[in-house]
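Numbering-wise, the numbering used here comes out as the position in the sequence shown, counting from 1, plus 522.
Right, one structure below, let's go through it.
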Amino acid sequence: MKKNAVLITLFILPLVVYLFFATGVNSFMQLPVLTTNIPDINPNWTTHNGEKVTLNDKITILGFSGEEVLKNRGNYFLFNQKIYNRNSPFKDFQVVFIAPEGTKDSVDIILNRLKKLSDISRYHFVYAKPNEIQDYFKKLKLIGALDSSYGTSSVYIIDKNRNLRGRKGESVQGKPEYKEGYDIQSSADLHNKMTDDVKIILAEYRLALKKNNKRKDAFRDKITEEVENNKE
Numbered sequence: 523m524k525k526n527a528v529l530i531t532l533f534i535l536p537l538v539v540y541l542f543f544a545t546g547v548n549s550f551m552q553l554p555v556l557t558t559n560i561p562d563i564n565p566n567w568t569t570h571n572g573e574k575v576t577l578n579d580k581i582t583i584l585g586f587s588g589e590e591v592l593k594n595r596g597n598y599f600l601f602n603q604k605i606y607n608r609n610s611p612f613k614d615f616q617v618v619f620i621a622p623e624g625t626k627d628s629v630d631i632i633l634n635r636l637k638k639l640s641d642i643s644r645y646h647f648v649y650a651k652p653n654e655i656q657d658y659f660k661k662l663k664l665i666g667a668l669d670s671s672y673g674t675s676s677v678y679i680i681d682k683n684r685n686l687r688g689r690k691g692e693s694v695q696g697k698p699e700y701k702e703g704y705d706i707q708s709s710a711d712l713h714n715k716m717t718d719d720v721k722i723i724l725a726e727y728r729l730a731l732k733k734n735n736k737r738k739d740a741f742r743d744k745i746t747e748e749v750e751n752n753k754e
């Protein structure tokens with residue numbers, strides 16, 4: 523018995539610890555809120571088809587494409603593979619990019635190529651004037667900034683209440699950690715950080731939905747019981 527315990531301590535336990543840290547698991551049970559109640563998408567900013575987009579009641583990946591859409595086209599295909607394809611089946615999931623006016627033709631090229639790889643119905647590009655994009659970004663209250671083309675390679679997780687979520691506190695290694703956006707140029711960042719954090723936010727809402735359904739079931743059962751008792 524003692525021999526087995528020694529073997530577990532020497533070989534199995536270190537392996538478990540290694541695997542835990544190697545997976546890059548986020549230490550947060552819930553993804554922290556970094557900015558509360560960010561502005562909704564301006565109703566005057568519409569898609570190619572003139573449709574309005576809202577952040578309300580959606581789990582949104584929010585991005586700023588900038589003027590050099592085609593130059594950065596590789597970023598969209600990497601994001602599509604690592605994040606979008608895995609989460610697009612969820613009906614409350616969407617991706618919104620705020621793009622400068624005058625970039626519609628470039629965006630069309632990107633979307634037409636993505637269409638060959640995925641169902642792109644959850645992608646939304648809306649168009650705004652550069653000064654409007656800059657003003658909107660400032661209201662996110664972030665450390666990062668837009669580049670000279672009014673874009674950034676970072677994308678942001680927005681919850682159903684329009685709160686910007688990310689990492690704030692300590693990592694699993696006990697080190698201070700702050701992460702407000704995820705770099706779609708970086709396969710490692712998308713795979714090791716964003717994939718995990720999107721899972722957390724989706725799991726958070728699934729758990730809340732289950733709890734809500736249980737309350738509804740309990741309420742229905744109580745009403746049914748009272749009705750049956752009144753018949754007696």
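A virtual CB, placed ideally from N, CA and C, is assigned to each residue, including glycine.
Cutting at 7 Å between CB atoms, please list the residues of its own chain near Gln616, excluding the five before and the five after it.
What you label residue 616 is simply residue 94 of the sequence shown in a count that begins at 1. Here the set comprises Lys580, Thr582, Arg644, His646.
Do you know whose CA, among Ile722, Phe586, Gly572, Val575, lies nearest Pro652's CA?
One-based indexing of the sequence shown puts residue 652 at position 130. It is Phe586 whose Cα lies nearest to the Cα of Pro652.
What first and last residue would you give for the alpha helix (DSSP H) that runs through Pro611?
Here residue 611 is taken as the residue at index 89 of the sequence shown, counted from 1. That residue, Pro611, is in no alpha helix (DSSP H); it is neither H nor E in DSSP.
Ala730 versus His570 - alpha carbon distance
The count along the sequence shown starts at 1 and reaches residue 730 at position 208. The count along the sequence shown starts at 1 and reaches residue 570 at position 48. The alpha-carbon atoms of Ala730 and His570 are separated by roughly 34 Å.
Alpha carbon to alpha carbon, what distance is there between Asn714 and Thr545?
For this step, residue 545 is matched to residue 23 along the sequence shown. For this step, residue 714 is matched to residue 192 along the sequence shown. Low confidence applies here, because Thr545 scores a pLDDT of 41, under 50, leaving its location unreliable and the question unanswered by this model.
So, for Lys626: in the same chain, excluding its five sequence neighbours on each side, which residues have a beta-carbon less than 7 Å away from its beta-carbon?
Within the sequence shown, the letter at position 104 stands for residue 626. Cβ contact annotation for Lys626 (same chain, cutoff 7 Å, sequence separation greater than five): His570, Tyr649, in chain order.
Under 6 Å Cβ to Cβ from Tyr672, same chain only, skipping five residues before and after it: list those, please.
Here residue 672 is taken as the residue at index 150 of the sequence shown, counted from 1. Gly588, Pro622, Pro652, Ile655.
Leaving out the 5 sequence neighbours to the left and right, which residues in its chain are closer than 8 Å to Lys682 when beta-carbon positions are compared?
By 1-based counting over the sequence shown, the position of residue 682 is 160. Excluding residues within five positions, the ones whose Cβ falls inside 8 Å are Asn578, Asp579, Lys580, Ile581, Asp614, Tyr727.
So, with DSSP's three-state summary, where would you put Thr569?
Here residue 569 refers to the residue found at position 47 of the sequence shown. Coil.
Does the structure place the region 591 to 598 close enough to the region 558 to 565 that three or more beta carbon pairs sit under 8 Å?
no
Contact check, Ile723 vs Arg687, beta carbons under 8 Å
Position 201 of the sequence shown, counted from the first residue, corresponds to residue 723. Position 165 of the sequence shown, counted from the first residue, corresponds to residue 687. In this structure, Arg687 lies closer than 8 Å to Ile723 by Cβ.
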